[in-house]
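Position 38 (the sequence shown) corresponds to 82 in the numbering used here; numbering is contiguous.
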Amino acid sequence: MKITLTDIPSFEITRGFTARMFHTDGMTIACVDVEAGAELPEHAHFHEQVSNMLEGEFEFVMGGEKMTLRTGDSLVIPSNMPHSGRALTRCRILDVFTPVREDFRKGEVAYAVR
C-alpha cells in the first residue's frame, strides 16, 4: 500500500508538535514536525517506540539520562520508560510505535498540553 504523507491530515499532539500518522495492523508511524523550543512533557506508554531524527536537534531525557539527538540518530524507547524532551532547533522526527497507538488513532493524547 502506498502512503503519501501530504494526503494525511495533520493534528497537534501537544503545543509545537504537529504530526501526520498512519496505522498498520501492528504499528503506528508518525511524521512529526516540531517547532524550535517546543517542549514534550514527561510521559510513558506501554508502546515500544523508535524515534528517528530526520532533521534538526532534539534534547531527549529518558530514564533520567539527557542526550541530544541529531539528524541521522535514532533512539529506542522501551515500553513504560518515562521520557521527555525539547527541540533545540526546528525538527522533523519519524516515530514508530508498536503496538498501534489507539489513542492517536482516536485523536486522544494523554499528555497533551493545551
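All C-beta atoms in this analysis are idealised placements derived from N, C-alpha and C, irrespective of residue type, glycine included. These figures come from a predicted structure and were not determined experimentally.
### Query
Of all the options Phe-66, Thr-48 and Glu-56, which has the alpha carbon lying nearest to the alpha carbon of Arg-149?
Here residue 149 is taken as the residue at index 105 of the sequence shown, counted from 1. Arg-149 has its Cα closest to that of Phe-66, out of Phe-66, Thr-48 and Glu-56.
### Task
Can you grab the Cα-Cα spacing for the pair Ser-123 / Arg-145, in whole Å?
Numbered from 1 along the sequence shown, position 79 holds the residue referred to as residue 123. Numbered from 1 along the sequence shown, position 101 holds the residue referred to as residue 145. Between the alpha carbons of Ser-123 and Arg-145 lies a distance of about 12 Å.
### Task
Ignoring anything shorter than 3 residues or poking outside the stretch 104-158, list the beta strand (DSSP E) runs there in chain order.
Fully enclosed beta strand (DSSP E) runs of 3 or longer: 109-114, 118-121, 127-131 and 135-142.
### Minimum C-alpha distance to Arg-21 - residue among Thr-133, Val-105, His-127 and Ile-121
In the structure as shown, the chain starts at 45 and stops at 158, and residue 21 therefore has no counterpart that could be examined.
### Task
Compute the distance between the beta-carbons of Met-97 and Asp-77, then report whether it is under 8 Å.
Start at 1 with the first residue of the sequence shown, and residue 97 comes out as number 53. Start at 1 with the first residue of the sequence shown, and residue 77 comes out as number 33. The answer is no: Cβ separation not under 8 Å.
### Query
Is Thr-58 helix, strand or coil by DSSP?
Position 14 of the sequence shown, counted from the start, is the residue given in the question as residue 58. In the structure shown, Thr-58 sits in a strand (DSSP, three-state: E or B).
### Query
Among residues of its own chain, excluding the 5 on either side of Glu-129, which ones have a beta-carbon nearer than 7 Å to its beta-carbon?
Counting from one through the sequence shown, the residue named residue 129 turns up at place 85. Strictly speaking, residue 129 in this sequence is Gly, with Glu absent from that position. Taken in chain order, the residues that qualify are Leu-84, Phe-102, Glu-103, Phe-104 and Val-105.
### Query
Any heavy atom of the ligand NAP within a distance shorter than 7 Å of the CB on Pro-122?
The ligand NAP is not among the ligands present in this structure, which contains no ligands whatsoever.
#### Entry: Ala-74 - partner residues in DSSP beta bridges
Reading the sequence shown from its first residue, position 30 is the one you call residue 74. In the DSSP assignment, the residues bridged to Ala-74 are Met-65 and Asp-139.
### Query
Does the beta-carbon of Gly-70 have 16 or more other beta-carbons within 10 angstroms, so that it is buried, or is it exposed?
Counting from one through the sequence shown, the residue named residue 70 turns up at place 26. Burial check for Gly-70: the Cβ neighbour count within 10 Å stays below 16, so the residue is exposed.
### Query
Between Ile-52 and the rest of its own chain, which residues show a CB-CB distance below 8 Å, the 5 nearest in sequence each way excluded?
Locating residue 52 in the sequence shown gives position 8, counting from the first residue. If we look at Ile-52 and ignore the five residues flanking it on each side, its Cβ neighbours are Arg-64, Met-65 and Phe-66.
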